[in-house]
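In what follows, a structure is listed as structure tokens, so that the remarks can point back to it.
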Amino acid sequence: MSTVIDLTQQPEIVEFAGSSKEDINYATTFWQSIQLQPPMESRLVSSDIKQRLKVAPPSSLARNVAPSIPENSAVLQNFYVRAKTMEHFEEYNRVQKFAEARNEDKQMLMRRREERKLKEKISRNKGLKQQPDERVYSPDEYEAEAADTNDMDALKQIDDFEKKNIIDKMEDSDSD
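Start counting the sequence shown at 263; every next residue gets the next number (my numbering).
Set out below in structure tokens:
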């Protein structure tokens with residue numbers, strides 16, 4: 263079990279009975295060196311630092327009154343109006359410059375779009391083979407078309423046969 267000894271309750275004066283003056287001086291110096299004073303920085307109160315707040319002025323001198331606004335003359339009012347008008351005019355000019363730049367950008371985009379469309383139109387069919395237009399027939403149309411072509415082919419074959427026969431007969435008659 264530990265015991266706590268309170269050294270702060272002991273007397274400030276230490277007596278050295280039966281010792282020489284030299285031993286007493288050494289002992290006094292020793293005990294003073296053990297009881298070190300805290301450094302200046304850690305002290306709560308310092309003589310060179312003012313820690314007290316300034317005292318408020320007496321209430322008779324303190325006045326809580328709003329500052330008075332001097333009346334504006336006509337010249338000053340005219341100046342304020344002109345200054346405000348100039349500010350509005352400068353703001354208007356700045357906005358107009360932005361609007362002009364935006365319109366120029368839009369026109370440039372439209373011009374480039376038209377140029378691109380023209381180039382696409384020109385180069386649309388370059389490098390591609392033209393495919394013949396193939397018609398898609400329904401079954402009824404296909405049969406009708408096939409019948410027409412068969413009839414036409416048959417008639418053409420008959421005509422070719424007759425022409426051939428006529429030419430052969432003429433050649434036979436010439437050789438007789």
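Quick reminder that beta carbons are idealized off the backbone N, C-alpha and C, glycines included.
- Distance from the CA of Gln339 to the CA of Val357, rounded to the nearest whole angstrom, comes to 27 Å.
- Membership of Glu284 in the alpha helix (DSSP H) is indicated by the continuous run 283-296.
- Counting along the chain, the unbroken alpha helix (DSSP H) around Glu362 starts and ends at 336-384.
- In the structure shown, Lys388 adopts coil according to DSSP, grouped into three states.
- Here the alpha carbons of Arg364 and Ser335 stand approximately 44 Å from one another.
- Straight-line spacing of the CA atoms in Lys379 and Glu407 works out to 41 Å.
- Inter-residue distance for Thr411 and Asp402 is about 14 Å (C-alpha atoms, whole angstroms).
- Assigned with DSSP and collapsed to three states, Glu407 falls in helix.
- If you draw a straight line from the Cα of Ser295 to the Cα of Gly280, it comes to about 23 Å.
- Straight-line measurement puts the Cα of Glu382 at about 10 Å from the Cα of Lys388.
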